[in-house]
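Undergrad:
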Amino acid sequence: MPNLRWDALTPTIITTTLATAVVILRLVVRCKFVKAVGFDDFVIMVSLFLSWVVLGLTVAMVVTGFGSYVWSNPLDLHSATAKLYLSWNVLYVVLIHVTKASILTQYLRIFPTRTMRRLTWLLFAALVPSVLWGVFASIFICNPVKKVWRPMTPGKCLSTRTYWVSVTAVNIVLDFAVLALPMPVISRLKLPKKQKIALVGVFLLGFFTCAVSVVRLVLVHNAYIRHDFTASSAEAVTWSMVEANVGIICASLLALKPLMAYLFPQATKERQPPRWSLTLNTIPTAEATEADAEKGRSAQEEAVAPRHMSSTERLEKIIEELEDSDELTLVGTRQSYGNFEMKRERTRSWSEQTILDMEGIIARPMPAVTSALTAHMTEEEID
Numbered sequence: 001m002p003n004l005r006w007d008a009l010t011p012t013i014i015t016t017t018l019a020t021a022v023v024i025l026r027l028v029v030r031c032k033f034v035k036a037v038g039f040d041d042f043v044i045m046v047s048l049f050l051s052w053v054v055l056g057l058t059v060a061m062v063v064t065g066f067g068s069y070v071w072s073n074p075l076d077l078h079s080a081t082a083k084l085y086l087s088w089n090v091l092y093v094v095l096i097h098v099t100k101a102s103i104l105t106q107y108l109r110i111f112p113t114r115t116m117r118r119l120t121w122l123l124f125a126a127l128v129p130s131v132l133w134g135v136f137a138s139i140f141i142c143n144p145v146k147k148v149w150r151p152m153t154p155g156k157c158l159s160t161r162t163y164w165v166s167v168t169a170v171n172i173v174l175d176f177a178v179l180a181l182p183m184p185v186i187s188r189l190k191l192p193k194k195q196k197i198a199l200v201g202v203f204l205l206g207f208f209t210c211a212v213s214v215v216r217l218v219l220v221h222n223a224y225i226r227h228d229f230t231a232s233s234a235e236a237v238t239w240s241m242v243e244a245n246v247g248i249i250c251a252s253l254l255a256l257k258p259l260m261a262y263l264f265p266q267a268t269k270e271r272q273p274p275r276w277s278l279t280l281n282t283i284p285t286a287e288a289t290e291a292d293a294e295k296g297r298s299a300q301e302e303a304v305a306p307r308h309m310s311s312t313e314r315l316e317k318i319i320e321e322l323e324d325s326d327e328l329t330l331v332g333t334r335q336s337y338g339n340f341e342m343k344r345e346r347t348r349s350w351s352e353q354t355i356l357d358m359e360g361i362i363a364r365p366m367p368a369v370t371s372a373l374t375a376h377m378t379e380e381e382i383d
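In the working numbering, the protein residues as written are 1 to 383.
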């Protein structure tokens with residue numbers, strides 16, 4: 001027979017350790033990179049604290065004999081183990097709901113839209129009856145309560161299978177609701193492709209907790225059908241802790257994005273077009289339609305100043321057109337344009353080819369203009 005005592009304890013220790021490491025990284029990121037610790041960070045720390053308390057109760061249960069094969073009613077367990085198991089179950093229910101609350105708190109901070117906030121508060125309200133059912137149904141599963149650790153006491157007990165099925169079913173529904181809530185908002189975000197894929201991947205990973213809940217429910221149900229109540233309890237403890245700690249890890253992944261950008265800067269940046277593509281005029285191809293060709297010629301005619309103007313006058317025209325551009329609000333454009341303005345007096349020494357190149361790129365959208373101007377200024381400094 002396998003040793004269910006260690007089967008229940010080993011995954012609990014491993015996943016709790018991993019959850020602790022991830023939360024520590026999250027706090028480091030918030031303190032070092034973001035320079036701010038939010039309320040959701042405090043909530044996840046409460047979840048981690050509860051996880052360690054539940055781990056301590058699991059160790060205590062194993063020491064008192066929990067997980068040893070006994071082919072009898074689960075209420076025949078030693079009274080100390082039964083009391084520990086009751087405490088473990090209550091804290092576990094609180095733990096998974098606090099973790100969900102930490103994710104919802106993150107939503108309130110990240111998504112400011114009115115609809116999103118209303119739906120988030122609605123899910124907050126749904127957590128209340130769920131946690132109350134999980135806690136009080138566990139405490140009062142037997143009437144009187146002491147029948148849990150004194151099986152010979154006259155009274156009645158509800159089916160443990162009914163309890164676990166109801167708690168797990170509600171938990172799965174809430175997990176799906178919490179994870180699916182931001183998906184419509186994320187799908188409309190104008191993010192670089194890599195960032196959007198990574199963000200969706202984080203939320204899809206969160207559905208792993210739902211899969212763990214389903215696995216736990218199936219294993220507990222099968223063990224109960226076999227009348228193997230000890231295995232039923234051990235598997236419930238094992239997979240419950242895996243689910244709880246994976247939930248803590250998934251709740252912290254979004255906060256680790258600054259760390260990933262610091263460690264893997266190339267992976268978080270979109271590939272930029274080569275510099276040569278920023279300075280070439282758009283030339284209509286032979287295959288282009290007449291309308292496209294006409295549009296391209298018009299754009300070039302508007303962009304290129306008359307050749308009889310001096311270099312300084314043509315440069316002033318470029319600056320004037322830049323000032324009228326609505327796209328100067330793009331990130332990083334103002335700084336480059338400011339540097340360009342500061343060096344206006346030095347433009348008399350710019351070559352004729354530099355002016356022609358600038359006129360060629362003026363019709364191109366930002367940040368192509370900014371990149372090309374910065375490149376020309378850098379080349380002039382080198383010269």
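Think of the CB as a built atom: it goes at the ideal place given N, C-alpha and C, for glycine as much as any other residue.
Does the distance between the C-beta of PRO182 and the nearest non-hydrogen atom of the ligand SAM fall short of 7 Å?
TA: Here there are no bound small molecules, and the ligand SAM is not part of this structure.
Undergrad: Which residues bound the alpha helix (DSSP H) around ILE44?
TA: What you label residue 44 is simply residue 44 of the sequence shown in a count that begins at 1. ILE44 -> alpha helix (DSSP H) spans 39–63.
Undergrad: Taking Cβ positions, are THR99 and GLY247 nearer each other than 8 Å?
TA: Here residue 99 refers to the residue found at position 99 when the sequence shown is read from its first residue. Here residue 247 refers to the residue found at position 247 when the sequence shown is read from its first residue. In this structure, GLY247 lies closer than 8 Å to THR99 by Cβ.
Undergrad: By a C-beta neighbour count over all protein chains shown, 10 Å radius and 16 as the cutoff for buried, is ALA180 buried or exposed?
TA: Indexing the sequence shown from 1 puts residue 180 at position 180. When all chains shown are included, ALA180 counts as exposed.
Undergrad: Report, in whole angstroms, the separation of the C-beta atoms of THR105 and VAL43, which I expect to be a contact under 8 Å.
TA: Stepping through the sequence shown from its first residue, residue 105 is reached at position 105. Stepping through the sequence shown from its first residue, residue 43 is reached at position 43. Indeed they touch by this definition, with Cβ atoms about 5 Å apart.
Undergrad: My understanding is that LEU219 touches GLU235, with C-beta atoms under 8 Å, so please give their C-beta distance in whole angstroms.
TA: The residue labelled residue 219 in the question sits at position 219 within the sequence shown. The residue labelled residue 235 in the question sits at position 235 within the sequence shown. At roughly 5 Å, the Cβ-Cβ gap stays under 8 Å, so LEU219 and GLU235 are in contact.
Undergrad: Quick check on LYS190: does DSSP put it in helix, strand or coil?
TA: In the sequence shown, the residue the question calls residue 190 occupies position 190. If DSSP states are grouped into helix, strand and coil, LYS190 belongs with coil.
Undergrad: In angstroms, rounded to a whole number, what distance separates the CA positions of PHE17 and PRO154?
TA: On the sequence shown, position 17 is the one that residue 17 refers to. On the sequence shown, position 154 is the one that residue 154 refers to. Reading off the sequence shown, one finds Thr at residue 17, where the question assumed Phe. Those two C-alpha atoms are separated by around 42 Å.
Undergrad: Looking only at its own chain, which residues have a Cβ that is under 6 Å from the Cβ of LEU217, when we skip the five neighbours before and after it?
TA: Here residue 217 is taken as the residue at index 217 of the sequence shown, counted from 1. Closer than 6 Å at the Cβ level, and outside the excluded window around LEU217, lie THR168.
Undergrad: Cutting at 6 Å between CB atoms, please list the residues of its own chain near SER138, excluding the five before and the five after it.
TA: On the sequence shown, position 138 is the one that residue 138 refers to. The answer, listed in chain order, is ASN89 and VAL90.
Undergrad: Below 8 Å on the Cβ atoms is my guess for VAL94 versus LEU259; work out the distance and round it to an integer in Å.
TA: Within the sequence shown, numbered from 1, the residue matching residue 94 stands at position 94. Within the sequence shown, numbered from 1, the residue matching residue 259 stands at position 259. With a Cβ gap of about 29 Å, VAL94 and LEU259 do not count as contacting.
Undergrad: Taking DSSP as the reference, what is the three-state secondary structure of LEU91?
TA: Within the sequence shown, residue 91 is the residue found at index 91, counting from 1. In the structure shown, LEU91 sits in a helix (DSSP, three-state: H, G or I).
Undergrad: Give the single residue among ILE141, ARG150 and LEU174 whose Cα lies nearest to the Cα of THR162.
TA: The residue labelled residue 162 in the question sits at position 162 within the sequence shown. Of the candidates ILE141, ARG150 and LEU174, the one whose C-alpha sits nearest the C-alpha of THR162 is ILE141.
Undergrad: Roughly how many angstroms lie between the CA atoms of LEU158 and VAL135, to the nearest whole one?
TA: On the sequence shown, position 158 is the one that residue 158 refers to. On the sequence shown, position 135 is the one that residue 135 refers to. Computed Cα separation, rounded: 14 Å.
Undergrad: How would you label VAL148, buried or exposed, when you count the other beta carbons within 10 angstroms and need 16 or more for buried?
TA: Walking along the sequence shown from the start, residue 148 turns up at place 148. Answer is buried; the Cβ neighbour count reaches 16.
Undergrad: For the alpha helix (DSSP H) containing MET116, list its first residue and its last residue.
TA: What you label residue 116 is simply residue 116 of the sequence shown in a count that begins at 1. 114–139 is the span of the alpha helix (DSSP H), which, as asked, contains MET116.
Undergrad: Beta carbon of LEU9, beta carbon of VAL59: below 8 Å?
TA: On the sequence shown, residue 9 is found 9 positions in, with the first residue counted as 1. On the sequence shown, residue 59 is found 59 positions in, with the first residue counted as 1. Cβ distance < 8 Å, so LEU9 and VAL59 count as in contact.
Undergrad: Using CA atoms only, rank isn't needed, just tell me which of ALA251, LEU127, LEU57 and PRO192 is closest to ALA19.
TA: Along the sequence shown, one-based indexing puts residue 19 at 19. Of ALA251, LEU127, LEU57 and PRO192, the residue nearest in Cα terms is ALA251.
Undergrad: Could you tell me which of ARG118, VAL53, ILE110 and SER51 sits nearest to PHE39, measuring between CA atoms?
TA: Indexing the sequence shown from 1 puts residue 39 at position 39. Checking every option, the nearest Cα to that of PHE39 belongs to ILE110.
Undergrad: With H, G and I counted as helix, E and B as strand and the rest as coil, what does DSSP make of LYS146?
TA: Walking along the sequence shown from the start, residue 146 turns up at place 146. Note: LYS146 maps to helix in three-state DSSP.
Undergrad: Using three-state DSSP, classify LYS83 as helix, strand or coil.
TA: Residue numbering aside, residue 83 sits at position 83 when the sequence shown is read from its first letter. In this structure, LYS83 counts as helix in the three-state DSSP scheme.
Undergrad: By DSSP's criteria, CYS157 is part of a beta bridge. Which residues make up the other side?
TA: Taking the first residue of the sequence shown as 1, we reach residue 157 at position 157. Looking at the DSSP assignment, CYS157 forms a beta bridge with CYS142.
Undergrad: Does DSSP put LYS100 in a helix, a strand or coil?
TA: Here residue 100 refers to the residue found at position 100 when the sequence shown is read from its first residue. If DSSP states are grouped into helix, strand and coil, LYS100 belongs with the helices.
Undergrad: Let's test the definition: count the other Cβ atoms within 10 Å of the Cβ of THR12 and tell me whether it reaches 16, buried, or not, exposed.
TA: As a working note, residue 12 is residue 12 in the sequence shown. Per the 10 Å Cβ criterion, buried.
Undergrad: The alpha helix (DSSP H) that contains LEU263, what's its start and end?
TA: Against the sequence shown, residue 263 aligns to sequence position 263. 257–263 is the extent of the alpha helix (DSSP H) around LEU263.
Undergrad: Could you name the residues of the same chain whose beta carbon sits closer than 7 Å to that of SER240, not counting the 5 residues immediately before and after it, in chain order?
TA: Counting from one through the sequence shown, the residue named residue 240 turns up at place 240. So the list reads TYR92 and ARG216, once near-sequence residues are dropped.
Undergrad: What is the rounded straight-line gap between the Cα of MET1 and the Cα of VAL63?
TA: Locating residue 1 in the sequence shown gives position 1, where the first residue counts as 1. Locating residue 63 in the sequence shown gives position 63, where the first residue counts as 1. With a pLDDT of 39 at MET1, under the threshold of 50, the modelled position of that residue is not reliable, and the figure given next carries that caveat. The alpha-carbon atoms of MET1 and VAL63 are separated by roughly 19 Å.
Undergrad: Going by C-alpha to C-alpha distance, which of MET116, SER166 and ARG118 sits closest to PRO129?
TA: Taking the first residue of the sequence shown as 1, we reach residue 129 at position 129. Closest option to PRO129, Cα to Cα, is SER166.
Undergrad: By Cβ distance below 7 Å, which residues in the same chain neighbour VAL34 in space, the five residues on each side in sequence not counted?
TA: One-based indexing of the sequence shown puts residue 34 at position 34. Around VAL34: PRO258.
Undergrad: Going by Cα to Cα distance, which pick from ARG188, ILE172, LEU191 and GLY56 is closest to PHE208?
TA: The count along the sequence shown starts at 1 and reaches residue 208 at position 208. It is ILE172.
Undergrad: If the criterion is Cβ atoms closer than 8 Å, does the pair SER79 and ARG188 meet it?
TA: Taking the first residue of the sequence shown as position 1, residue 79 is located at position 79. Taking the first residue of the sequence shown as position 1, residue 188 is located at position 188. No.
Undergrad: So, under 8 Å CB-CB, LEU119 and ALA101 are touching, yes? Tell me the CB distance rounded to an integer number of Å.
TA: Counted from its first residue, the sequence shown places residue 119 at position 119. Counted from its first residue, the sequence shown places residue 101 at position 101. Their Cβ separation, rounded to whole angstroms, is 15 Å, which puts LEU119 and ALA101 out of contact at 8 Å.
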